[in-house]
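First residue of the sequence shown: 1, per UniProt numbering; consecutive thereafter.
In this text, a Cβ means the ideal position worked out from N, Cα and C, and glycines have one as well.
The structure presented is a predicted model; accordingly, all values stated were derived computationally and were not measured.
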Amino acid sequence: MASPSSMARTTARTALADMTMADLMRDRPAVVPVLLRRGLACPGCAMAPFMTLREAAEAYGLELGALLDDLAAADGRLFLSLEIR
1 MASPSSMART TARTALADMT MADLMRDRPA VVPVLLRRGL ACPGCAMAPF
51 MTLREAAEAY GLELGALLDD LAAADGRLFL SLEIR
């Protein structure tokens, strides 16, 4: 059986993947350089308020798990803030 902390992290990753790009960039601006480095044009894009991180990763052909790991490395509070909500 998965540990409670492992389950919370999985839940947080799912919540983050379902967050719109606009909300993500507004709430955690430290992730913007990661998005740009990965080739995502989300900063300034008209679709950012409507597209989730999961959808953006798919649209750009990126592996969601690796992108989440990169975002978490850029902002260590990323998952923590989602786990306690």
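C-alpha distance - E83 paired with E63, whole-angstrom precision: In the sequence shown, counting from the first residue as 1, residue 83 sits at position 83. In the sequence shown, counting from the first residue as 1, residue 63 sits at position 63. Residue placement at E83 cannot be trusted, given a pLDDT of 44 that sits under 50; what the coordinates show is reported in the next sentence. Straight-line Cα distance between these residues: approximately 22 Å.
Option nearest G44 by Cα separation, candidates R54, P29, E58: As a first step, residue 44 is located in the sequence shown; it is residue number 44 there, counting from the start. Out of R54, P29, E58, P29 has the C-alpha closest to the C-alpha of G44.
Candidates A74, A73, M21, of which the one nearest E55 by Cα: For the purposes of this step, residue 55 is taken as residue 55 along the sequence shown, with counting starting at 1. Of the candidates A74, A73, M21, the one whose C-alpha sits nearest the C-alpha of E55 is M21.
Among G61, L35, G39, the one whose alpha carbon lies nearest that of A73: Numbered from its first residue, the sequence shown carries residue 73 at position 73. Answer by Cα proximity: L35.
Beta bridge counterpart(s) of T20 as assigned by DSSP: Translated into the one-based positions of the sequence shown, residue 20 becomes position 20. Beta-bridge pairing links T20 to T52.
Same chain, Cβ closer than 6 Å to L68, neighbours up to 5 away in sequence not counted: On the sequence shown, position 68 is the one that residue 68 refers to. Closer than 6 Å at the Cβ level, and outside the excluded window around L68, lie R13.
Three-state secondary structure (DSSP) of G76: Mapped onto the sequence shown, residue 76 falls at position 76. G76: coil per DSSP, three-state reduction.
First through last residue of the alpha helix (DSSP H) which encompasses P29: By one-based count along the sequence shown, residue 29 stands at place 29. DSSP places P29 outside any alpha helix (DSSP H), giving it a letter other than H or E.
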